[in-house]
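What follows is a set of notes on a single structure, which appears directly below.
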Amino acid sequence: MAIDPSTTASPIPAGIPCWIELACREQAVAERFYGALFGWTYATQRDPATSDGRYAIATLGAVPVGGLYRAAQGAPLGWMPHLSVPHTASAAEWVEHLGGRLTLGPMPIPERGTILHAYDTSGAPVVFWEVPPDWEFVTGIPNTFSGADLNTHDGVAADHFYTKLFTYGSHQIGDGESLDYVEWLIEHEPVLYRYVMGSEYSLDTPPHWLVYFDIDPARGVDAVAGEALMNGGTVVIQPYDTPFGRMAILADPEGAVFAVIDHSRVSEDWGRAEVDDPYDD
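See the structure below:
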């Protein structure tokens, strides 16, 4: 038995990304960078779970697109997708049953449901969210969340954990050897992707999520990469073509890595070059 995506009372089916969140060191720096790059504005709320009690809701056209907060000293930094669950208490039981490890919660957030932080069996952090009925999270338009990859060294463990937890279907996109890249699906529709890190990553790179943002074709990924540089960010991997669209991997001024993608420019070939590991300190 698993968390059934068809039986949730949540406005979002189980297993669907329902939020993205950036843990940063200097919130003002992050807000300026993403505001300039994506046109986001911010509404600050009180949140006792953050290090300074503040939480910024990023909005685009007055609708929520993600959150930013100042992480506690020594806490991991970067972007994290949150996955919808109908009940965090049930999710916590299943995480432990499948061999994962709980790190926080279930914890209620005033007017925003209940969250649960954990590590999956491949060693990657993951956040589950039981969202309220009036939940809003805009995706799939320019300058908003497009998707996420789980980058791991143990594809078998990750596939087992998430397909059992959410009854995802699993489909190998690569050849499974030189390129082990899998899509997880609900009712034949891709939800998330899992990538076994190749030679571009060092063996001690920790498992992590890579969050993607949609880019308007009229603007283009190449232009966005240049704008990221002008606003204090870094181009980790130069724009390249993939079967999913033209993309680039960038980092904000504090080093949080993310990807941008233009889905209109698809290629039959993978154009990614070998680069230094962006997570190698």
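At position 84 of the sequence shown (counting the first as 1) the number is 84 in UniProt numbering, and the numbers step up by one without a gap. We put the CB at the ideal spot given by N, CA and C, even for glycine. None of the values given here were measured: they were computed from a predicted structure.
What's the call for residue i, buried or exposed, on a 16-neighbour Cβ count within 10 Å?
{"i": "L61", "result": "Checking the displayed sequence, the identity of residue 61 turns out to be Gly instead of Leu. Its Cβ having fewer than 16 others within 10 Å, G61 is exposed."}
{"i": "T41", "result": "exposed"}
{"i": "Q73", "result": "exposed"}
{"i": "S84", "result": "buried"}
{"i": "D134", "result": "exposed"}
{"i": "G130", "result": "Reading off the sequence shown, one finds Glu at residue 130, where the question assumed Gly. Result: buried."}
{"i": "E31", "result": "buried"}
{"i": "G78", "result": "buried"}
{"i": "D204", "result": "exposed"}
{"i": "V65", "result": "buried"}
{"i": "H97", "result": "exposed"}
{"i": "G176", "result": "exposed"}
{"i": "D89", "result": "Note that residue 89 is Ala in the sequence shown, not Asp. The residue in question, A89, is exposed, as its Cβ has fewer than 16 Cβ neighbours within 10 Å."}
{"i": "M107", "result": "exposed"}
{"i": "T8", "result": "Note that T8 has pLDDT 42, beneath the 50 cutoff, so the model's placement of it is unreliable and the number below is only indicative. Buried: at least 16 other Cβ atoms inside 10 Å."}
{"i": "M230", "result": "exposed"}
{"i": "P81", "result": "buried"}
{"i": "T114", "result": "buried"}
{"i": "V63", "result": "exposed"}
{"i": "A28", "result": "exposed"}
Look up residue i in the DSSP assignment and say whether it is helix, strand or coil.
{"i": "F137", "result": "coil"}
{"i": "Y34", "result": "helix"}
{"i": "A158", "result": "helix"}
{"i": "Q73", "result": "coil"}
{"i": "W40", "result": "coil"}
{"i": "D120", "result": "coil"}
{"i": "F145", "result": "strand"}
{"i": "F244", "result": "coil"}
{"i": "S264", "result": "coil"}
{"i": "T234", "result": "strand"}
{"i": "Y187", "result": "Note on residue identity: the sequence assigns Glu, not Tyr, to residue 187. Here E187 sits in coil by DSSP."}
{"i": "T205", "result": "coil"}
{"i": "L165", "result": "helix"}
{"i": "A23", "result": "strand"}
{"i": "V131", "result": "coil"}
{"i": "A14", "result": "coil"}
{"i": "G256", "result": "Note that residue 256 corresponds to Ala in the displayed sequence, not to Gly. Of the three classes helix, strand and coil, the one that applies to A256 here is coil, per DSSP."}
{"i": "A28", "result": "helix"}
{"i": "R112", "result": "coil"}
{"i": "M1", "result": "A caution first: M1 carries a pLDDT of 34, below 50, which makes its placement in the model unreliable, though a value can still be read off. It is coil, neither helix nor strand."}
{"i": "G67", "result": "strand"}
{"i": "P217", "result": "coil"}
{"i": "L192", "result": "strand"}
{"i": "L179", "result": "coil"}
{"i": "A273", "result": "Since pLDDT at A273 reaches only 44, below the 50 mark, its modelled position is unreliable, and the value read off the structure follows with that caveat. The answer is coil: DSSP assigns A273 none of H, G, I, E or B."}
Terminal residues of the continuous beta strand (DSSP E) containing residue i?
{"i": "S84", "result": "78-84"}
{"i": "G169", "result": "169-172"}
{"i": "L104", "result": "101-108"}
{"i": "R54", "result": "54-60"}
Which residue marks the beginning of the alpha helix (DSSP H) containing residue i, and which one marks its end?
{"i": "W209", "result": "Segment 208-214 is the beta strand (DSSP E) holding W209; no alpha helix (DSSP H) there."}
{"i": "M230", "result": "221-230"}
{"i": "E93", "result": "88-97"}
Since residue i contacts residue j with CB under 8 Å, what's their CB separation in whole angstroms?
{"i": "D120", "j": "V126", "result": "5 Å"}
{"i": "V260", "j": "V211", "result": "About 10 Å; that fails the 8 Å criterion."}
{"i": "T167", "j": "A124", "result": "Actually they are not in contact, since the Cβ atoms of T167 and A124 sit about 19 Å apart, beyond 8 Å."}
{"i": "L102", "j": "V95", "result": "6 Å"}
{"i": "P206", "j": "D262", "result": "Not confirmed; about 29 Å, so no contact."}
{"i": "G147", "j": "Y181", "result": "Contact doesn't hold; Cβ gap of about 13 Å is too wide."}
{"i": "I173", "j": "E187", "result": "That pair is no contact at about 18 Å."}
{"i": "T239", "j": "V221", "result": "Looking at the sequence itself, residue 239 is Pro, so the reference to Thr does not match. The Cβ separation is near 5 Å, so the contact holds."}
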